[in-house]
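There are 2 protein chains.
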Amino acid sequence: MRQKKKTSLKDIAKQLGVSPALVSMVLNHRGDEKKVSPETQKKVWNLVKKLNYKPNQVARSLRLGNSKTIGLVIADISNIFYSIIAKSIEEQASANGYSIIFMSSEEDPQKEETITRTLINRGIDGLILSTSCKDRDHIRKLRDSNIPFVLIDRYIPGIKTNYVLAGNYQGAFDMTEHLLSLGYTKIALLTVTPSHLTTMKHRISGYQDALRKNGRAVKNKLIKEIAYNNIKENMEKVLKDLILTEKVQAIFFLNNKLTIAGLEILKRLKFRIPQDISIASFDDIELFKYSYPTITSVSQPKEDIGRIAFEVLLKEINSQDTAKQQITLPVKLNIRESCGNSMKSLFNKI
Amino acid sequence: MRQKKKTSLKDIAKQLGVSPALVSMVLNHRGDEKKVSPETQKKVWNLVKKLNYKPNQVARSLRLGNSKTIGLVIADISNIFYSIIAKSIEEQASANGYSIIFMSSEEDPQKEETITRTLINRGIDGLILSTSCKDRDHIRKLRDSNIPFVLIDRYIPGIKTNYVLAGNYQGAFDMTEHLLSLGYTKIALLTVTPSHLTTMKHRISGYQDALRKNGRAVKNKLIKEIAYNNIKENMEKVLKDLILTEKVQAIFFLNNKLTIAGLEILKRLKFRIPQDISIASFDDIELFKYSYPTITSVSQPKEDIGRIAFEVLLKEINSQDTAKQQITLPVKLNIRESCGNSMKSLFNKI
DNA sequence: CTGAAAGCGCTTACAG
DNA sequence: CTGAAAGCGCTTACAG
């Protein structure tokens, strides 16, 4: 009573006086192959259209062992970084007849495992995953389960899997060199825990290598870590420490959440950007282009990450080919106002 | 070969020397009801745990006629308004054993219908939908199909359905009165087509009524419509017209996309906020709190919309009750810097 | 206390 | 050219 009884294959077959098997073949465009007469095929299609019949996908899934559904596991769909990737994946998926089930892991490895199991039990054909796991067990299990999957944004070193991500090292390296070129000598780095994530590790390396290459020492006290789940609580203390005690000239925030939280606190503490402190962001968001001042950033090709991840996944789903693809996409440096634009801005501060 | 053969109920039954039916009953916690001996139950659970067996949800769905999956149809998951709602729905869903399949309609009624059918054929138990349809046909069909659904953000007047949305009229009314209270007399309104959406209609009414209530005439040339799919292209012309020709003092943008696009153009045209022009936004985003200047806005209870929509949906899924719920949630006025703070700012302009 | 059988709605190998 | 049968992995009414 909840659901009006929907028309099924059998109904069509009965009304037409043919077998369900025949209808099924016609519907799957295998009528010719099975030499079903054109008239019969025509009759089938007409009735199907008239009754607005759509095959029950659940039954098909059970029978065929595939579901035309893929799972998407990310930390948080409300983070613009992931929602743009999700959008892009969905566009591709939709164009290829696939649907997306998404679940948020909240950066909790435990939850990530549970969610992944749930998705697999729901019969997904493949998985796109931004993993927050620190050890390799989960990913190894995934690989052993033989479900096709593609990691995005983060990967697990030492396990051969598909992955698609941005040039984290290069982006941080380039940004750091940019800051050095502006004359800044004390450049702080703000990162989040869990710091095992490859994204953060590579960005930190990029920063360190750029300093070293330019003859600057890496000072560990200028590299600050804030716990992912309470960024806001710790930001104030960290910023005060960096600006007032360490007297840094620029702060490089390693993801958009950090940058946004940083902007909030800097505003509250009445530090002016870039007069009092220069800032740069890894990961660009739309408003950075229009805010006052505009925010210098490294932007990642989010749409490409999503699109390519889906393509790689689809390829693996459709073939027995087990060659894994590792793809690193180029990032872009957006030079804007938040770092000042010359030595002059630096001298103005003194 | 693609997928390792997974353990099934039958495997468990065989290994234990019992029937699949028994295992099924135990797994569904109906062992006691069926008077399965505690020892047998214990044995079943032990083996299930040992083999890490999880029932095949596709088979369950087919048999039970439900899938513990709900569909989410929105215009665009990468719009922060929807992605926060999606997050909130997913949290609730997850806590209740449901998964979410999302699809984007791109504000295209045609696509919305197709997507909805796809979701229904995938066996979803219910649907949460931000409709972009202008006529009632689609929603009526949906209602007649007997699938439980809840509209969010927008509803269709004249059709009794569940819906959960924000106080659009009140928010626009309050914001307009706020702008009037600051001494502004020429207040422009920027809205998007398709303008049939109830959200936009109500916001426009709120603006108009606030003007009238305060003895101000509504001037239609101060109400501008921009097409949803090329906001950026039209924004510059509209803003120039309003500011330079109409000499408005304040612009009220009716959604966050408009506000963001507006900020971009204002910046490019070098209009200062609020010295040259005051702006207000319907729909708040995080950065509005920290930008320079901070942006005065109406914020909607996005998390509540998502949570309550799911609760309403779940209630309908679980009961034969067909009473529909119409829920309008309160909005909040955030007075910040983008409108100046007194008559003084107004005089400064002259 | 437990099992055999039917069936959810499809698809496919087999038979004619 | 077309149909009958089996089966995907579950659950449930029925039987003993």
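Taken in order, these protein sequences are the chains called A and B.
Reminder that position 269 of the first sequence reads as 269 in my numbering, one-by-one numbering, no gaps.
Reminder that position 345 of the second sequence reads as 345 in my numbering, one-by-one numbering, no gaps.
Just so you know, even glycine gets a beta-carbon here, dropped at the ideal spot from N, CA and C.
{"query": "Going straight from the alpha carbon of Pro109/B to that of Asn318/B, what length do you get?", "result": "29 Å"}
{"query": "Is the Cβ-Cβ distance between Arg203/A and Ala250/A less than 8 Å?", "result": "no"}
{"query": "I'd like the ranges of any alpha helix (DSSP H) spanning at least 4 consecutive residues and lying wholly in the stretch 71-145 of chain A.", "result": "80-95, 109-121, 137-144"}
{"query": "Are at least three pairs of beta-carbons, each pair with one atom in the stretch 280-292 of chain A and one in the stretch 210-218 of chain A, less than 8 Å apart?", "result": "no"}
{"query": "Could you work out which residues of chain B lie near Lys289/A, taking near to mean beta carbons separated by less than 8 Å?", "result": "Glu264"}
{"query": "Are the stretch 187-206 of chain A and the stretch 239-255 of chain A in contact at 8 Å, needing three or more beta carbon pairs?", "result": "yes"}
{"query": "Residues in its own chain within less than 7 Å of Thr198/A by CB, not counting five upstream and five downstream?", "result": "Arg154, Tyr155, Pro157"}
{"query": "Using only the alpha-carbon positions, how far apart do Ile139/B and Tyr82/B sit?", "result": "20 Å"}
{"query": "Taking a contact to mean a Cβ-Cβ separation below 8 Å, would you say Val58/B touches Leu62/A in this structure?", "result": "yes"}
{"query": "Can you check the stretch 246-325 of chain A for any beta strand (DSSP E) of at least 3 residues that lies completely inside it and give the ranges in chain order?", "result": "250-253, 278-282, 296-299"}
{"query": "Give a yes or no on whether 8 Å exceeds the smallest Cβ distance from Lys321/A to chain B.", "result": "According to the sequence provided, residue 321/A is Asp. The question's Lys does not apply to it. It does not; no Cβ of chain B falls within 8 Å."}
{"query": "Verify whether the separation of the beta carbon atoms of Ser99/B and Met103/A is less than 8 Å.", "result": "yes"}
{"query": "Quick one: which chain A residues come within Cβ less than 7 Å of Lys87/B?", "result": "Asp76, Ile77, Ser78, Ser104"}
{"query": "Have a look at Ile85/A, Ile89/A, Thr161/A and flag the residue whose alpha-carbon is nearest the alpha-carbon of Ile70/A.", "result": "Ile89/A"}
{"query": "Measuring only between beta-carbons, confirm whether Tyr292/B sits less than 8 Å from chain A.", "result": "yes"}
{"query": "Hey, Ile273/B and Pro293/B: beta-carbon distance below 8 Å or not?", "result": "yes"}
{"query": "Taking 8 Å as the CB-CB limit, is Asn162/A close to chain B?", "result": "no"}
{"query": "Can you tell me which of Gln15/A, Lys35/A, Ile80/A, Leu64/A puts its alpha carbon nearest to the alpha carbon of Tyr53/A?", "result": "Gln15/A"}
{"query": "Against Gly123/A, what residues of chain B qualify as contacts under a CB-to-CB distance less than 8 Å, listed in chain order?", "result": "Asn56, Gln57, Val58"}
{"query": "Reducing DSSP to helix, strand and coil, say where Ile156/B ends up.", "result": "coil"}
{"query": "So Glu246/B and Lys270/B are in contact, right, with Cβ under 8 Å, and what is the actual spacing, rounded?", "result": "19 Å between Cβ atoms; not a contact."}
{"query": "Run through DSSP, which three-state label would Pro194/A get?", "result": "coil"}
{"query": "How big is the Cα-Cα spacing for Lys232/A and Gln326/A?", "result": "34 Å"}
{"query": "Are Thr131/B and Glu106/B touching if we call contact CB-CB under 8 Å?", "result": "no"}
{"query": "Looking only at DSSP bridge pairs, what is Thr328/B linked to?", "result": "Leu165/B"}
{"query": "What residues from chain A crowd round Ile260/B, counting only those whose CB sits closer than 8 Å?", "result": "Glu286, Leu287, Tyr290"}
{"query": "Roughly how many whole angstroms lie between the Cα atoms of Arg307/B and Gln92/B?", "result": "6 Å"}
{"query": "When you compare each of Asn66/B, Ser67/B, Leu64/B, Pro20/B to Val48/B by their alpha carbons, which one comes out closest?", "result": "Pro20/B"}
{"query": "Kindly say whether Lys201/A, judged by its beta-carbon, lies nearer than 8 Å to any beta-carbon of chain B.", "result": "no"}
{"query": "List the residues of chain A whose Cβ lies closer than 7 Å to the Cβ of Leu62/B, in chain order.", "result": "Val58, Ala59, Leu62"}
{"query": "Using a beta-carbon distance cut-off of less than 9 Å, what residues from the stretch 135-147 of chain A approach chain B?", "result": "Asp144, Ser145, Asn146, Ile147"}
{"query": "Going by Cα to Cα distance, which pick from Gly123/B, Leu165/B, Asp283/B is closest to Phe310/B?", "result": "Leu165/B"}
{"query": "So which residues of chain A does Thr118/B contact, with C-beta pairs closer than 8 Å?", "result": "Ser99"}
{"query": "Below 7 Å CB to CB, which residues in the same chain sit around Ile77/A once its five sequence neighbours on both sides are set aside?", "result": "Ser83, Ala86, Phe102, Ser104"}
{"query": "Can you give the Cα-Cα distance for Tyr163/B and Glu316/B, rounded to whole angstroms?", "result": "12 Å"}
{"query": "Hey, is Ile84/A's beta-carbon within less than 8 Å of any beta-carbon in chain B?", "result": "yes"}
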